[in-house]
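Notes for the one structure printed next.
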Amino acid sequence: MDNFDPAQAFYLLATALFILGIKRLGKVKTARSGNQLAGVGMLLAIVVTLVSPGIGIQLDWTMVAIGLAIGTSIGALMARRVEMTGMPELVALLNGIGGLASTFVALSEFWGRKYGAAITPENVILGPDVWGVAVVLSILVGTITFTGSLLAMAKLSGKISGNPILLPMRHLLVAGSLLGGLALGYLAAFHQGSFDPAVMILGLTACAAVFGVISVLPIGGADMPVVVSLLNSYSGIAASMAGFVIGNPLLIVAGALVGASGMILTIIMCKAMNRSLGNVLIGGFGGDAPTTGGASATEYESVKSAGAEEAAMILDAATSVIFIPGYGMAVAQAQHVVKELGEELESRDVTVRYGIHPVAGRMPGHMNVLLAESDVPYEQLWELERINGDFKTTDVTVIIGANDVVNPEAIENPQSPIAGMPILNAHESGTVLVIKRSLSPGYAGIKNPLFERDNCYMCFGDGKQFLTEILAELKEN
Amino acid sequence: MIFLLMLFVFVLAIFAGNELISKVPPTLHTPLMSGANAISGITIVGALMCAQFGAEGSAAKILGICAIAFATINVIGGFLVTDRMLAMFQSKKKKK
Chain Z
2 MDNFDPAQAF YLLATALFIL GIKRLGKVKT ARSGNQLAGV GMLLAIVVTL VSPGIGIQLD
62 WTMVAIGLAI GTSIGALMAR RVEMTGMPEL VALLNGIGGL ASTFVALSEF WGRKYGAAIT
122 PENVILGPDV WGVAVVLSIL VGTITFTGSL LAMAKLSGKI SGNPILLPMR HLLVAGSLLG
182 GLALGYLAAF HQGSFDPAVM ILGLTACAAV FGVISVLPIG GADMPVVVSL LNSYSGIAAS
242 MAGFVIGNPL LIVAGALVGA SGMILTIIMC KAMNRSLGNV LIGGFGGDAP TTGGASATEY
302 ESVKSAGAEE AAMILDAATS VIFIPGYGMA VAQAQHVVKE LGEELESRDV TVRYGIHPVA
362 GRMPGHMNVL LAESDVPYEQ LWELERINGD FKTTDVTVII GANDVVNPEA IENPQSPIAG
422 MPILNAHESG TVLVIKRSLS PGYAGIKNPL FERDNCYMCF GDGKQFLTEI LAELKEN
Chain A
449 MIFLLMLFVF VLAIFAGNEL ISKVPPTLHT PLMSGANAIS GITIVGALMC AQFGAEGSAA
509 KILGICAIAF ATINVIGGFL VTDRMLAMFQ SKKKKK
């Protein structure tokens with residue numbers, strides 16, 4: 002702190018750019034510039050680090066260049082190639098990679114300080130105990146983020162089942178791996194004389210890796226919005242801890258901002274399901290719709306079904322229509338047809354809106370991204386609170402692959418497992434068309450009495466195909 | 449003392465983050481998440497600092513290079529994909 006390092010002034014500037022960037026990311030009009038601003042901040046931070054005299058001298062430029070080149074090409078390729086439907090997986094993967102990078106920073110610092118020659122002046126300032134704790138936490142959080150995200154990604158992409166996977170004695174395993182990791186971390190940080198700290202650190206990493214996997218295993222696919230945003234928060238915390246390791250406030254601030262934003266999203270997602278974070282993390286709640294379906298969950302009486310022709314007639318007579326997309330729309334990739342149908346209806350002077358439930362899909366804002374991809378104007382995307390009063394005056398509500406988020410049980414039956422969960426009040430509209438493959442229950446595994454109502458018609462079939470048929474029928478008239 | 453200062457910075461930044469993000473429209477949840485994720489790639493600064501440790505081929509250095517590569521994927525991938533998403537949101541505004 003004695004000598005003023007000009008690099009610090011630039012780090013401060015980068016911090017300010019991050020804060021401004023995040024602020025601007027919160028409004029639709031300014032979001033893109035906010036992201037770019039944060040990008041400029043990042044570039045500034047990287048360049049300043051590379052040219053700062055403290056580190057430039059000893060830097061192995063070839064290896065740095067190799068690292069940057071590999072990272073840039075892979076990162077750019079992933080960002081270009083990804084389909085919007087694959088966005089949840091990519092976001093999960095990037096969270097994980099960020100966590101892994103923070104783990105490697107801590108590991109490298111550890112090895113550098115333990116066995117290497119050079120030590121950055123900053124970490125000498127921190128006492129060895131505090132430094133050790135920061136290394137341990139950075140590795141712990143970073144590794145959990147990494148393996149947890151990989152598993153979440155595998156679940157999201159369907160490589161492994163989206164259903165909760167309940168291992169025997171899983172609570173014991175979860176607690177054991179976490180406590181074991183913490184114990185090893187404690188030994189590595191405070192008892193370096195008596196044990197080989199390198200072994201402790203590697204053991205800690207292994208425990209954290211196991212913990213990341215088995216803590217995500219029991220969480221069902223429909224709870225993934227919570228998991229993805231929580232891992233997002235972890236990746237920020239890991240970066241912040243890495244900031245403590247290398248004694249750099251820029252990392253601490255940027256990481257903490259991300260940690261806070263991820264945590265806010267996590268809380269929003271939990272509220273939208275009326276469940277506590279603990280309840281989600283314990284897991285075992287639902288999954289992808291069970292293929293066979295439980296006995297009581299599929300017993301429906303007097304369900305009316307409608308074909309494409311009938312559905313088209315109902316829509317033709319309407320003056321106001323609300324679409325409610327769910328995960329089923331993403332699976333069927335029906336977002337483009339939905340938009341075409343919406344435009345066709347609009348050309349007939351029908352008011353078209355989309356009611357978006359906050360946890361529809363597999364990550365926060367999933368439906369919005371898909372509909373934006375198919376060019377639905379975002380003015381037509383209405384959030385739950387804003388649109389819920391309007392269902393009473395709406396002629397037709399079209400539900401595409403959503404189930405529990407429109408289940409009136411949440412309001413009417415206090416005993417229901419989803420009681421109190423905010424839902425879209427689709428049942429209040431004049432007619433409800435439910436486009437769905439079958440009567441199988443959603444992730445909550447319960448019956449949806451909406452399907453039995455007088456004003457509800459089930460349209461069985463693949464979302465994309467059925468909507469295409471409706472569109473064709475409409476255009477014939 | 450330095451540690452305490454850092455702790456202050458950490459806690460204040462969390463509060464700042466809470467204030468900044470508390471009212472984000474659901475439309476922006478995904479871009480906010482991926483943009484924030486790109487910012488968490490700031491760990492690249494730590495990675496660059498690590499790349500100077502030790503002799504050629506030492507564990508610390510190799511770990512540092514890995515850290516650089518992963519952090520760069522995080523930064524580049526995160527910012528680019530967020531920009532792509534936000535461009536979709538904006539193109540519609542012009543059409544209207």
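Top to bottom, those sequences are chains Z and A. Going by the working numbering, the first sequence wraps up at 478, each residue one higher than the last. Going by the working numbering, the second sequence wraps up at 544, each residue one higher than the last. Beta carbons: idealized from backbone N, C-alpha and C, even for Gly.
From the beta carbon of residue i, is the nearest beta carbon of chain A less than 9 Å away?
{"i": "P198 (chain Z)", "result": "no"}
{"i": "V435 (chain Z)", "result": "no"}
{"i": "Q334 (chain Z)", "result": "no"}
{"i": "R33 (chain Z)", "result": "yes"}
{"i": "F191 (chain Z)", "result": "no"}
{"i": "R81 (chain Z)", "result": "yes"}
{"i": "Q37 (chain Z)", "result": "yes"}
{"i": "I315 (chain Z)", "result": "no"}
{"i": "A77 (chain Z)", "result": "yes"}
{"i": "N369 (chain Z)", "result": "yes"}
{"i": "Y328 (chain Z)", "result": "no"}
{"i": "E110 (chain Z)", "result": "yes"}
{"i": "K305 (chain Z)", "result": "no"}
{"i": "L173 (chain Z)", "result": "no"}
{"i": "G464 (chain Z)", "result": "no"}
{"i": "M88 (chain Z)", "result": "yes"}
{"i": "P423 (chain Z)", "result": "no"}
{"i": "T148 (chain Z)", "result": "no"}
{"i": "I20 (chain Z)", "result": "yes"}
{"i": "N96 (chain Z)", "result": "yes"}
{"i": "P409 (chain Z)", "result": "no"}
{"i": "V142 (chain Z)", "result": "no"}
{"i": "Y379 (chain Z)", "result": "yes"}
{"i": "K272 (chain Z)", "result": "no"}
{"i": "T50 (chain Z)", "result": "yes"}
Just mark residue i as buried or exposed, buried being the case when its beta carbon has 16 or more other beta carbons within 10 Å.
{"i": "V1 (chain Z)", "result": "Residue 1 (chain Z) lies beyond the range of chain Z shown here (2 to 478); nothing can be said about it."}
{"i": "P442 (chain Z)", "result": "buried"}
{"i": "Q550 (chain A)", "result": "Summary: the structure shown does not reach residue 550 (chain A), with chain A confined to residues 449 through 544, and so no result is reported for it."}
{"i": "H444 (chain A)", "result": "In the structure displayed, chain A extends from 449 to 544; residue 444 (chain A) sits before or after that span and is not available."}
{"i": "Y1 (chain Z)", "result": "Lying outside 2 to 478, the shown extent of chain Z, residue 1 (chain Z) is not represented and no answer is given."}
{"i": "A473 (chain Z)", "result": "exposed"}
{"i": "G494 (chain A)", "result": "buried"}
{"i": "Y328 (chain Z)", "result": "buried"}
{"i": "P169 (chain Z)", "result": "exposed"}
{"i": "Y301 (chain Z)", "result": "exposed"}
{"i": "I202 (chain Z)", "result": "buried"}
{"i": "D405 (chain Z)", "result": "buried"}
Helix, strand or coil for residue i? Go by DSSP, reduced to three states.
{"i": "R454 (chain Z)", "result": "coil"}
{"i": "R354 (chain Z)", "result": "strand"}
{"i": "V493 (chain A)", "result": "helix"}
{"i": "G295 (chain Z)", "result": "Note that G295 (chain Z) scores 40 on pLDDT, short of 50, meaning its location in the model is unreliable; the coordinates nonetheless yield the value given after this. G295 (chain Z) falls in the coil class under three-state DSSP."}
{"i": "T395 (chain Z)", "result": "coil"}
{"i": "D289 (chain Z)", "result": "Low confidence applies here, because D289 (chain Z) scores a pLDDT of 44, under 50, leaving its location unreliable and the question unanswered by this model."}
{"i": "I265 (chain Z)", "result": "helix"}
{"i": "K24 (chain Z)", "result": "helix"}
{"i": "W132 (chain Z)", "result": "helix"}
{"i": "V224 (chain Z)", "result": "Inspection of the sequence shows that residue 224 (chain Z) is occupied by Asp rather than by Val. Reduced to three states, the DSSP call for D224 (chain Z) is helix."}
{"i": "E344 (chain Z)", "result": "helix"}
{"i": "A70 (chain Z)", "result": "helix"}
{"i": "I447 (chain Z)", "result": "coil"}
Mind checking if residue i is an interface residue toward chain Z, Cβ cutoff 9 Å exclusive?
{"i": "A535 (chain A)", "result": "yes"}
{"i": "K543 (chain A)", "result": "With a pLDDT of only 44 at K543 (chain A), under 50, the local geometry of the prediction cannot be trusted, and the value read off the model is given with reservation. Yes - at least one Cβ of chain Z is within 9 Å of the one on K543 (chain A)."}
From the DSSP output, which residues share a beta bridge with residue i?
{"i": "P7 (chain Z)", "result": "According to DSSP, which records beta bridges pairwise, P7 (chain Z) is partnered with nothing at all."}
{"i": "M422 (chain Z)", "result": "BP columns for M422 (chain Z) are empty, so no partner."}
{"i": "P326 (chain Z)", "result": "Z:I401"}
{"i": "C460 (chain Z)", "result": "Z:I436"}
{"i": "S306 (chain Z)", "result": "Z:M459"}
{"i": "E384 (chain Z)", "result": "Z:I357"}
{"i": "S234 (chain Z)", "result": "Note: S234 (chain Z) sits in no beta bridge, so no partner."}
{"i": "S321 (chain Z)", "result": "Z:T352"}
- prompt: Does the count of Cβ pairs from the stretch 139 to 154 of chain Z and the stretch 267 to 280 of chain Z closer than 8 Å reach three?
  reply: Flag = no, the stretch 139 to 154 of chain Z and the stretch 267 to 280 of chain Z do not touch.
- prompt: Per the contact definition of three or more C-beta pairs closer than 8 Å, is the stretch 95 to 112 of chain Z in contact with the stretch 486 to 493 of chain A?
  reply: Touching, yes, given that three or more Cβ pairs across the two stretches are closer than 8 Å.
message: Would the stretch 355 to 374 of chain Z count as touching the stretch 86 to 98 of chain Z if we require 3 or more Cβ pairs under 8 Å?
response: The answer is yes - the stretch 86 to 98 of chain Z touches the stretch 355 to 374 of chain Z, with three or more Cβ pairs under 8 Å.
- prompt: Counting pairs of Cβ atoms below 8 Å between the stretch 29 to 43 of chain Z and the stretch 455 to 470 of chain A, do you hit three or more?
  reply: The answer is no - the stretch 455 to 470 of chain A does not touch the stretch 29 to 43 of chain Z, with fewer than three Cβ pairs under 8 Å.
- prompt: Does the stretch 317 to 331 of chain Z come close enough to the stretch 345 to 364 of chain Z that 3 or more CB-CB pairs lie under 8 Å?
  reply: Contact between the stretch 345 to 364 of chain Z and the stretch 317 to 331 of chain Z is present, because at least three Cβ pairs lie under 8 Å.
- prompt: Is the stretch 394 to 401 of chain Z touching the stretch 429 to 439 of chain Z in the sense that three or more CB pairs, one from each, lie closer than 8 Å?
  reply: Judged by Cβ distances under 8 Å, the stretch 429 to 439 of chain Z makes contact with the stretch 394 to 401 of chain Z, as three or more pairs qualify.
message: Taking contact to mean 3 or more Cβ pairs, one atom from each stretch, closer than 8 Å, check whether the stretch 35 to 53 of chain Z and the stretch 522 to 535 of chain A are in contact.
response: Yes: at least three Cβ pairs fall under 8 Å.
Sufficient close CB pairs (3 or more, under 8 Å) joining the stretch 74 to 85 of chain Z to the stretch 223 to 232 of chain Z: Touching, no.
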